[in-house]
Amino acid sequence: MKIAVVGKGGSGKTTTSAVLARTLAQSGWATLALDCDSNPNLGISLGIGEEATERLVSVRDAVDAGEEEHATSADDLVERFGVDAPDGVRLAVVSAIQNPKPGCPCCGISPEQLLAELERPDRLVIADLEAGLGTIMRLEKGSVDVVVVVGEPTMKSREGGRRAAESVFEAGLGRVMVAGNRTRTDEDEARVRAAFPGLEPVIVPDDQAILDAERRGEAPLDAARGAPGVRALVGLANGLLDVG
Ligand SMILES: Nc1ncnc2c1ncn2[C@@H]1O[C@H](COP(=O)(O)OP(=O)(O)O)[C@@H](O)[C@H]1O
Ligand SMILES: [Mg+2]
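For the sequence shown, the working numbering assigns the number 228 to the last residue and increments by one with no breaks.
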């Protein structure tokens, strides 16, 4: 199963992707987390720390600089540029490759190409996409199975999320699940539900423990496992396994 996580900048895509990836890996799935943001920081939320997250990026820079051999396939790319994260998650950074060279699977491969190419039934892929709709608009049918739309209760975030869900439906990309993130009040919850009729958003409370973990550069699952926001995201992961 391939899962793409989308939403407006700052809506909680990376936090959500990290909790999903680790929870799904804990349930026994081989899990690959793809950081598709040009400012990659999924490593921090997965719990490998700042240094390892920085190092991941610099391997990619080395390829750009011609100091490393190029990868020959999508899976080779993931192996070569990946790193092991807690719970057995494999993390690879896909974005921000400069100097795209057509025909080379590592330099210039886009998140949408990689998602189309990675195909192993025994593995889950979670892609933390760049903010906005760009990548999902370019995704080919069959490249993902589920799109998780992360939206905050603010009007701009809800609108962005609603448009994302609409594009997924229009393109027939797959199922949509919604995380109504950083919900504070019943009114917030009602706003999120109204923006996604028929989709039964998973309500994720605004949770100081998630922010505190982020400030320390720790994974929410390590720093705040029992916190309500984290528990709601774990619930979303279990929901994904149920729809399988
Ligand atoms: N449910 C939540 N409660 C409180 N803070 C949150 C929650 N979800 C995310 N955050 C915080 O919001 C900020 C943006 O989250 P992040 O996952 O990096 O968003 P994105 O990847 O969409 O830009 C981070 O500081 C993160 O810790
Ligand atoms: Mg992010």
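Just so you know, even glycine gets a beta-carbon here, dropped at the ideal spot from N, CA and C. These numbers come from a predicted model, not from an experiment.
Give the C-beta separation of leucine 113 and cysteine 20 to the nearest angstrom, bearing in mind that I take them to be a contact with Cβ-Cβ under 8 Å.
5 Å
Glutamate 143 to glutamate 52, Cα distance in whole Å?
43 Å
Give every residue of the same chain whose Cβ lies closer than 6 Å to the Cβ of threonine 119, excluding the five residues on either side of it in the sequence, and list them in chain order.
Pro95, Glu96 and Leu113
From aspartate 60 to arginine 122, what distance separates their C-alpha atoms?
23 Å
Neighbouring residues (CB closer than 6 Å to any heavy atom of ligand 1):
Gly(-9), Gly(-7), Gly(-6), Ser(-5), Gly(-4), Lys(-3), Thr(-2), Thr(-1), Asn165, Arg166, Val188, Asp190, Asp191, Ile194, Leu195, Glu198 and Gly213
Output needed for alanine 80: all residues of its chain with C-beta closer than 6 Å, excluding positions within five of it in sequence on either side, in chain order.
Low confidence applies to alanine 80: its pLDDT is 49, below 50, so where it sits in the model is not reliable, and the reading given next is rough at best. Same-chain partners within the cutoff: Ser22.
Taking just the CA atoms, how far does isoleucine 32 sit from valine 73?
Each residue's alpha carbon lies about 11 Å from the other.
Taking one C-beta from the region 130 to 141 and one from the region 37 to 44 each time, how about it: are there three or more such pairs within less than 8 Å?
no
Can you tell me which of the three DSSP states asparagine 25 falls into?
Reduced to three states, the DSSP call for asparagine 25 is coil.
Would proline 204 be called buried (16 or more neighbouring beta carbons within 10 Å of its own) or exposed?
buried
Given this structure, state the Cα-to-Cα distance separating alanine -12 from isoleucine 110, to the nearest angstrom.
Distance from the CA of alanine -12 to the CA of isoleucine 110, rounded to the nearest whole angstrom, comes to 6 Å.
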